[in-house]
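Numbering (my numbering), first residue to last: 137 to 213. By construction, the Cβ of each residue, glycine as well, lies at the ideal position given by its N, Cα and C atoms. Working notes for the structure below.
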């Protein structure tokens, strides 16, 4: 059973994925575990030849502790 934080994260990933698909991106993979970490969403950009888009999704239920963008560390960038 998933806890509320996991459910919130999956909801955010679903919303991000639907947005990117609506913009024409092509899904390559989701929640890909690699030796150095995880890629939330991996997309291909059909407008840019040989271009992959790595998406890190941060979903928050409030702004009490800052914006979601503030949660992305240098390591994630």
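Could you give the residue range of the alpha helix (DSSP H) that holds residue i?
{"i": "residue 150", "result": "140-158"}
What residue range is occupied by the uninterrupted beta strand (DSSP E) comprising residue i?
{"i": "residue 174", "result": "173-180"}
{"i": "residue 167", "result": "162-170"}
{"i": "residue 191", "result": "188-191"}
Take residue i and list the residues in its own chain whose beta-carbon comes closer than 7 Å to its own, dropping the five residues that flank it on each side.
{"i": "residue 195", "result": "144, 145, 147, 148 and 204"}
To the nearest angstrom, how far is the alpha carbon of residue i from that of residue j?
{"i": "residue 171", "j": "residue 163", "result": "21 Å"}
{"i": "residue 185", "j": "residue 175", "result": "21 Å"}
{"i": "residue 173", "j": "residue 180", "result": "20 Å"}
{"i": "residue 189", "j": "residue 158", "result": "15 Å"}
Short of 6 Å in beta carbon distance, which residues of its chain neighbour residue i, apart from the five on each side in sequence? Order them along the chain.
{"i": "residue 165", "result": "178"}
{"i": "residue 193", "result": "148, 149, 152 and 176"}
Is residue i a contact residue of the ligand HEM, with contact defined as CB to any heavy atom under 7 Å?
{"i": "residue 151", "result": "Only the bare structure without any ligand can be found here, which leaves the ligand HEM out of the picture."}
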